[in-house]
Structure formats: C-alpha cells, structure tokens
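**Student:** To start, I am sharing the structure in question, which I have written as structure tokens.
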Amino acid sequence: GEDVEQSLFLSVREGDSSVINCTYTDSSSTYLYWYKQEPGAGLQLLTYIFSNMDMKQDQRLTVLLNKKDKHLSLRIADTQTGDSAIYFCAGTNVGSARQLTFGSGTQLTVLP
Amino acid sequence: DGGITQSPKYLFRKEGQNVTLSCEQNLNHDAMYWYRQDPGQGLRLIYYSQIVNDFQKGDIAEGYSVSREKKESFPLTVTSAQKNPTAFYLCASSAGLRDTQYFGPGTRLTVL
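Respectively, the protein sequence lines represent chains Y and C.
As numbered in our numbering, residues 6 to 117 make up the first sequence, in order.
As numbered in our numbering, residues 2 to 113 make up the second sequence, in order.
Structure representation (structure tokens):
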C-alpha cells in the first residue's frame, strides 16, 4: 500500500515563503492532495495535483510534483499568521479500491 | 449551503457505554467515510461506504460499527469493545470512491 511521509514541524516568519514537503511510495498514485486543518476543526481541501502534472499554482499556493523522486511540495507565498495550521498531504492509488492515504501532517507556525 | 455536518462537536461518555456519532451530507455524494485522528498522527480509516446499504471495513474497524440506510447519513457507533476510543472523529464524503473527499468539522469524543 501507499506510505506518505511528512516532516512534523515548520516555523517561518510572517511574509516569508513556506515550503512543506511530502514523500510517497506508490508511483501509481493518481491524485495528490493538500489539506489544511486549523485547531479543533475538520480538514479543508487546499489544492490537488494530478500525477501527469509537474506544477499547479493557485493564488499564493504552488504545488510541485517530482514523480521521479516521489516528492510533493506545497509552497505558500507571503505566509500570514492565518496560515498557521497542520497541513496534510494525501494520495490516492489507482490499484486500491479505496481512498486516501494521509501523511502525519506538518504543523506550520507563523511567527510575527 | 451544501456541506457535511457532524454532531455533536464534543461528546463525553463513560466506559462501557456505546455512543453514536452523526454525519450528514447534502452534497448528493455516494461515498462516505469515517476517520479517526489522534494527536500528532495522520488520519486512519475506520469504515467507508461506496453506496447506500453497503459499507466496508477500513484499517481500524475493530470496536466500531456503521450503517448506511440513507444516502445522506452515515452514523458511526463506538462500542464498548473499542479499547481506546478517546479521539477526534472526522467524517468525509466524495462523489465516488476515488473522487476528492470533503470533510466535516469533526466530533471530539472523550471517554471518562
């Protein structure tokens, strides 16, 4: 099955860019997702990328996919205090009848 | 407004009692899911349902039960057989089994 790994913590200064990284094991993953979770809340879908793409940009968010290295990253430009949250990457697998495999989440802390 | 609702937001129960968590969606989605989240960990799948009157065990189904009698509703019962039920429970839905999942706000269950 799919394994998805993320670093647990990231701190940045307000106004800087944040880069959250994720690695996955299943090269057949078709969609890769980024979700955001604020304290005590559910998961909010931020963006996703299809496996035949290398990059996707959506306002302050840029997703980069390196299929060769099975590496996914989420860049947040001009990081704000409201971006402080846990960010999860998740992947689907064509070969699985099911669903998403989640990483353990990266806690992003934005310092003033 | 379309979305997923979970109730209650906070739930307390005594050891040895069963408790049922509610999940309702008005997105007309066929697939629904229950996840468990523990501190510092990613989401683990408890049960999922592809369509009404059908559901399948996820990775950690022991001590839990579900039903899917209506398309909009997928209640989760945490039974007394669940050894460590204190956790944050998240419900999600998607149009189909491999489609993008959208999450509810979660229910925090505490066993006293």
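Note that the Cβ used here is the ideal one computed from N, Cα and C, for glycine as well.
Tell me, which residues are paired with THR101/C by DSSP?
**Tutor:** Bridge partners of THR101/C: none, in fact.
**Student:** Check whether chain C comes within 8 Å of PHE55/Y, counting only Cβ atoms and requiring the distance to be less than that.
**Tutor:** With 8 Å as the cut-off, PHE55/Y does not count as an interface residue toward chain C.
**Student:** Give the DSSP bridge partners of LYS84/C, in chain order.
**Tutor:** The partner list for LYS84/C (beta bridge, DSSP) is empty, contrary to what the question assumes.
**Student:** Between which residues of its own chain and THR6/C is the CB-CB distance below 7 Å, once the five residues before and five after are set aside?
**Tutor:** Same-chain partners within the cutoff: GLU25, GLY105.
**Student:** Restricting to runs no shorter than 3 residues, where is the beta strand (DSSP E) found entirely within the stretch 33 to 63 of chain Y?
**Tutor:** Listed in chain order, the complete beta strand (DSSP E) runs (minimum 3 residues) inside the stretch 33 to 63 of chain Y are 34 to 42, 48 to 55, 60 to 63.
**Student:** Along chain C, in chain order, which residues have C-beta atoms closer than 7 Å to that of PHE107/Y?
**Tutor:** Within 7 Å Cβ-Cβ: GLY43, LEU44.
**Student:** Pull out every residue of the stretch 41 to 54 of chain Y whose Cβ sits closer than 8 Å to any Cβ of chain C, in chain order.
**Tutor:** Result list: GLY45, ALA46, GLY47, LEU48, GLN49, LEU50, TYR53.
**Student:** Determine, for THR97/Y, whether the minimum Cβ-Cβ distance to residues of chain C falls below 8 Å.
**Tutor:** Output row for THR97/Y: interface = yes.
**Student:** Kindly give me the distance between the Cβ atoms of ILE54/Y and THR111/Y, rounded to whole angstroms, as I take these residues to be in contact under 8 Å.
**Tutor:** Actually they do not touch by this definition, with Cβ atoms about 17 Å apart.
**Student:** Could you check if PRO86/C is buried or exposed, using at least 16 other CB atoms within 10 Å of its CB as the buried criterion?
**Tutor:** Buried, because 16 or more other Cβ atoms sit within 10 Å of the Cβ of PRO86/C.
**Student:** Which bits of chain Y does PRO106/C rub up against, with CB to CB less than 9 Å?
**Tutor:** Near PRO106/C (Cβ distances below 9 Å), the residues of chain Y are GLY45, ALA46, GLY47.
**Student:** Please determine, among PRO44/Y, THR106/Y, LEU66/Y, THR114/Y, the residue with the shortest C-alpha to C-alpha distance to ALA82/Y.
**Tutor:** For the residues PRO44/Y, THR106/Y, LEU66/Y, THR114/Y, the minimum Cα distance to ALA82/Y belongs to LEU66/Y.
**Student:** Counting beta carbon pairs with one atom in the stretch 8 to 20 of chain C and one in the stretch 27 to 37 of chain Y, are three or more of them shorter than 8 Å?
**Tutor:** No, because fewer than three Cβ pairs between the stretch 27 to 37 of chain Y and the stretch 8 to 20 of chain C fall closer than 8 Å, the two stretches do not touch.
**Student:** Would you say LEU133/Y and SER23/Y are within 8 Å of each other, going by their C-beta atoms?
**Tutor:** The question about residue 133/Y has no answer, for chain Y in this structure spans 6 to 117.
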